[in-house]
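K.L.:
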Amino acid sequence: MGADLCHLSIGELGALLREKKVSASEVLEAHLKRVETLDPKVGAFLHVNAEQAMAQARHAQELLDGGRGVTALTGIPVGIKDVIVMDGTPSTAASRILSAFKGTYDATVVRKLHAAGAVCFGKLNMDEFAMGSSTENSSVKKTLNPWDLDCVPGGSSGGSAAAVAAGFCPVSIGSDTGGSIRQPAAFCGVVGLKPTYGRVSRFGVIAFASSLDQLGPFARTVADAAHLLEFMSGFDDLDSTSVDRPVPNYAAAADRGVKGLRLGVPKEYFIDGMDAEVEAAVRGALAELEKQGAKLVEVSLPHTKYAVATYYIVATAEASSNLARYDGVRFGHRAKDPKDIFDLYVRSRGEGFGPEVKRRIMLGTFCLSSGYYDAYYRKAQQLRWLIRQDFLEAFKTCDAIVSPVTPTAAFRFGEKAADPIQMYLSDIFTISCNLAGLPGVSVPCGFTSKSLPVGLQVLARHFAEETLVQVGGAYERATDWHKRRPAL
Amino acid sequence: MKLDAAHVRKIAQLARLSVTDAETEALLVHMNRMLDYVAQLSEVDTSKVPPLEHAVEMDTPLRDDEPVRKFDASRGLENAPAAELNMFRVPKVVE
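Below is the structure:
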């Protein structure tokens with residue numbers, strides 16, 4: 041079987057595992073082999089914990105052999121973004137300051153995946169501390185877009201998206217603070233879902249901006265993403281923002297169809313400067329959903345133009361506070377021969393953080409500093425209230441909002457790296473969702489003439505992830521974009 | 008708001024970040040561009056708008072006030088840059 045196992049959905053893999061046509065170890069070995077052969081070209085993985093993973097695969101096989109405690113994830117290899125802590129495994133957030141750091145416990149999401157019998161088998165590249173939109177800010181290496189090795193995979197979860205697109209793992213986990221799951225999913229032609237704020241525990245996740253960060257799944261189909269989400273979700277008393285609500289069977293919503301569903305099309309999301317091929321692909325997707333019985337309604341999100349500015353105040357302020365913990369005292373890089381404690385702090389941090397992280401710490405520190413707090417941080421929080429209000433108004437007349445994920449398809453290395461503001465503006469359609477705490481998904485909806493994938497974004501009300509699965513599932517059934525594979 | 012190099016050095020000190028002269032120059036350009044960019048927020052009258060602190064309404068659940076031991080000190084020290092006598096070691100703090 042070998043390489044063939046690397047292009048199946050978890051539904052298909054799970055059936056083979058349960059019917060004993062293949063063992064969990066064989067599934068893992070096939071993926072490890074593919075990573076070994078092809079990841080030198082892509083650069084998705086920072087670390088492969090093969091030994092631990094083989095032990096997990098043997099445990100999964102025992103469950104399968106015993107026929108007890110078997111779930112949709114039992115024996116399924118899952119790639120993990122390096123922002124998530126795993127016991128005994130390097131967990132670095134792709135930062136120099138954590139280059140020697142090993143997890144001393146499992147993040148809740150990893151613990152839940154283990155409990156479901158999943159095989160967590162590697163740490164995936166990302167922008168340092170999840171700050172970036174191209175994975176070019178990784179302190180370790182570049183990740184290349186499997187569809188075009190001259191292009192970025194998106195970011196910050198670039199490794200998670202590229203790994204699924206390249207067949208290195210059927211599903212993976214990423215984090216999304218301003219679009220870091222949906223944007224790389226769109227660039228790499230896979231499904232990426234950001235759940236409602238509070239849906240998935242962040243215990244054991246290296247924090248960037250705590251009022252925005254949320255974990256979510258990457259997959260090659262909407263149903264696979266839904267399966268993974270179900271096992272990731274749920275209340276956790278170790279995360280004070282975790283919400284205690286029942287977890288539905290998300291995958292069941294994939295077959296519901298969209299007849300009678302009202303889909304809001306925000307006029308502010310179809311803007312000048314959007315790539316014509318991206319717009320055409322997204323308009324085509326909307327027409328397909330309409331054909332299936334959905335009703336398209338125009339909605340307005342009038343504060344959209346302020347979202348990027350609002351985000352970069354809120355996110356940098358929170359980042360400057362969160363990253364204060366990297367002080368060279370208890371963990372992380374420590375500068376050599378400090379002359380006093382202040383010297384230890386400033387040099388450890390100065391040596392350990394990369395340029396984008398420093399830019400954000402500096403801006404955030406300024407926005408929170410005495411005399412500027414009201415003009416910047418408080419003002420941004422007020423704008424955030426208005427941005428959220430826009431969505432609450434829009435959801436009075438529609439059940440979901442549909443839009444492009446990004447204004448362009450994947451860009452080339454270096455194209456935006458020289459101008460941080462241009463990089464930030466590429467997140468214009470994904471950022472508002474985090475500010476409002478809403479769930480959102482990116483679903484493949486076509487290709488440009490250069491064979492680069494395009495993503496359709498669907499946003500829904502708080503805790504209405506089922507609506508995302510419903511719309512994405514209906515669209516996916518009618519199209520075969522998600523079946524295309526990059527040639528590596 | 009327009010920052011100068013002295014502002015940048017002051018902010019770096021608040022952030023406990025060593026910055027070289029070249030970094031100070033680059034940060035000055037970047038931060039002033041960002042402050043220009045975010046200045047657009049002042050167009051919006053927010054005098055009657057509350058600040059949004061929680062995007063999703065949630066309560067703060069309290070657990071019973073009982074000690075829970077999650078971690079041994081030895082595990083907590085596994086990533087310590089310097090440790091001695093089961094404690095973190097740092098340069099002298101008080102003269």
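Sequence order for the protein chains is A and B.
Residues 41 to 528 in this note's numbering are what the first sequence spells out, letter by letter.
Residues 8 to 102 in this note's numbering are what the second sequence spells out, letter by letter.
Glycine residues also receive a C-beta, built at the ideal position from the N, C-alpha and C atoms.
In this text, all values refer to a predicted model and were calculated from it rather than measured experimentally.
1. I'd like the list of long-range same chain contacts for A:P484, defined as Cβ closer than 6 Å, with 5 residues on each side in sequence excluded.
2. Taking C-beta to C-beta, are A:G194 and A:A450 nearer than 8 Å?
3. Looking only at C-alpha atoms, which of A:A112, A:V67, A:R108, A:R98 sits nearest to A:A292?
4. Below 7 Å between beta carbons is the criterion; list the residues of the region 31 to 53 of chain B that meet it against any residue of chain A, in chain order.
5. State the Cα-Cα distance for the pair A:E317 and A:L184, rounded to the nearest angstrom.
6. Quick one, which of A:L45, A:E319, A:M272 has its alpha-carbon nearest A:S489's?
7. Is A:V118 closer than 8 Å to A:V204 when the C-beta atoms are compared?
8. Tell me which residue opens and which closes the beta strand (DSSP E) that A:V483 is part of.
9. Look at the Cβ atom of A:S250, then the Cβ atom of A:K121, and state whether they are nearer than 8 Å.
10. Going by other Cβ atoms of all chains shown within 10 Å of its Cβ, with 16 needed for buried, is A:F382 buried or exposed?
11. Could you name the residues of chain B that A:M126 contacts, counting a contact when the two beta carbons are closer than 9 Å?
12. I'd like the span of the alpha helix (DSSP H) that includes A:R302, first residue to last.
13. Do you know how far the Cα of B:T31 is from the Cα of A:E358?
14. Could you list which residues in chain A have their beta carbon closer than 7 Å to that of B:P88, in chain order?
15. Within 10 angstroms of the Cβ of A:L432, are there 16 or more other Cβ atoms? Answer buried if so, exposed if not.
16. Closest Cβ-Cβ distance between B:R76 and chain A: below 8 Å?
17. Give me the Cβ distance between A:G115 and A:A100, rounded to the nearest whole Å; I'm assuming they're in contact under 8 Å.
18. Can you list, in chain order, the residues of the region 382 to 413 of chain A whose Cβ is nearer than 7 Å to any Cβ on chain B?
19. How long is the line joining the alpha carbons of A:V354 and B:L59, rounded to whole angstroms?
20. Taking 8 Å as the CB-CB cut-off, is B:L92 touching chain A?
21. Taking 8 Å as the threshold (beta carbon to beta carbon), is A:S174 in contact with chain B?
22. Is it buried or exposed for B:L92, if we count other Cβ within 10 angstroms and need 16 for buried?
23. Report the residue ranges of all alpha helix (DSSP H) runs contained in full by the region 47 to 128 of chain A; include only those spanning at least 4 residues, in chain order.
24. Using a Cβ cut-off of 9 Å, which residues of the region 460 to 485 of chain A contact any Cβ in chain B, in chain order?
25. Identify the contact partners of B:E85 in chain A, using a Cβ-Cβ distance below 9 Å as the criterion.
26. From A:R222 to B:A22, what does the alpha carbon distance come to, in whole angstroms?
27. Taking only runs of the beta strand (DSSP E) that begin and end inside the region 205 to 288 of chain A, which ones reach a length of at least 3 residues, in chain order?
28. Under a CB-based cut-off of 8 Å, is B:A80 close to chain A?
29. Over the uninterrupted alpha helix (DSSP H) stretch that includes A:K331, give me the two end residues.
30. What distance in whole Å lies between the Cβ atoms of A:A133 and A:F85, which are believed to be in contact at a cut-off of 8 Å?
31. Between B:S25 and A:G218, what straight-line distance do the alpha-carbon atoms span, to the nearest angstrom?
32. In terms of residue numbering, what span does the alpha helix (DSSP H) encompassing A:V348 cover?
33. Assuming A:A375 and A:L384 are in contact, meaning their beta carbons sit under 8 Å apart, how far apart are those beta carbons, in whole angstroms?
34. Which whole-angstrom value describes the C-beta separation of A:A457 and A:S174, a residue pair presumed to lie in contact below a C-beta threshold of 8 Å?
35. Quick one: which chain B residues come within Cβ less than 7 Å of A:R424?
36. In chain D, which residues lie with their C-beta within 7 Å of the C-beta of B:R16?
P.N.:
So, from the listed chains and residues:
1. Within the same chain, G229, P493, W521, H522 come within 6 Å of A:P484 by CB-CB distance, once the 5 residues on both sides are set aside.
2. Less than 8 Å separates the beta-carbon of A:G194 from that of A:A450.
3. Ranking the options by Cα distance to A:A292, first place goes to A:A112.
4. Cβ contacts with chain A come from L34, H37, M38, R40, M41, Y44, V45, Q47, L48, V51, T53.
5. Distance between the alpha carbons of A:E317 and A:L184: 22 Å.
6. Selected option, being the one with the closest Cα: A:E319.
7. No, Cβ-Cβ distance for A:V204 and A:V118 is not below 8 Å.
8. Run containing A:V483: 480 to 487, per the beta strand (DSSP E) assignment.
9. For the pair A:S250 and A:K121, the CB atoms are not nearer than the 8 Å cut-off.
10. Around the beta-carbon of A:F382, fewer than 16 other beta-carbon atoms lie within 10 Å, marking it exposed.
11. Contact note: A:M126 does not reach chain B at a C-beta cutoff of 9 Å; the least C-beta distance is about 14 Å.
12. Here A:R302 belongs to no alpha helix (DSSP H); instead the beta strand (DSSP E) covers 302 to 306.
13. Whole-angstrom Cα-Cα distance: 22 Å.
14. Residues of chain A passing the Cβ test: G368, R374.
15. A:L432 is exposed by the Cβ-count criterion.
16. The beta carbon of B:R76 does not come within 8 Å of any beta carbon belonging to chain A, so the residue lies off that interface.
17. A Cβ-Cβ separation of about 4 Å places A:G115 in contact with A:A100 under the 8 Å criterion.
18. From the region 382 to 413 of chain A, only L384, Y385, V386, R387, R389, G390, K398, R399, I401, M402, L403, T405, F406, S409 have a Cβ closer than 7 Å to chain B.
19. Answer to the nearest angstrom: the Cα atoms are 11 Å apart.
20. Between B:L92 and chain A, the shortest Cβ-Cβ separation is not below 8 Å.
21. With a threshold of 8 Å between beta carbons, A:S174 makes no contact with chain B.
22. So B:L92 counts as exposed.
23. Listed in chain order, the complete alpha helix (DSSP H) runs (minimum 4 residues) inside the region 47 to 128 of chain A are 50 to 58, 64 to 82, 90 to 106.
24. Cβ contacts with chain B: P460, I461, Y464, N474, L475, A476, G477, L478.
25. Residues of chain A passing the Cβ test: K142, T144, F371.
26. Spanning the two alpha carbons is a distance of roughly 31 Å.
27. Within the region 205 to 288 of chain A, the complete beta strand (DSSP E) runs of at least 3 residues are 211 to 216, 231 to 234, 254 to 259.
28. No, B:A80 does not count as interfacial toward chain A.
29. Taken as a continuous stretch (DSSP letters only), the alpha helix (DSSP H) holding A:K331 covers 316 to 331.
30. Actually they are not in contact, since the Cβ atoms of A:F85 and A:A133 sit about 15 Å apart, beyond 8 Å.
31. Here the alpha carbons of A:G218 and B:S25 stand approximately 28 Å from one another.
32. Looking at the DSSP string, the run of the alpha helix (DSSP H) that includes A:V348 is 347 to 362.
33. Going by Cβ atoms, the distance from A:A375 to A:L384 rounds to 6 Å, so yes, they are a contact pair.
34. Yes, A:A457 and A:S174 are in contact; Cβ-Cβ is about 7 Å, under 8 Å.
35. Within chain B, the residues near A:R424 are L59.
36. Protein chains in the displayed structure are A and B, and chain D is not among them.
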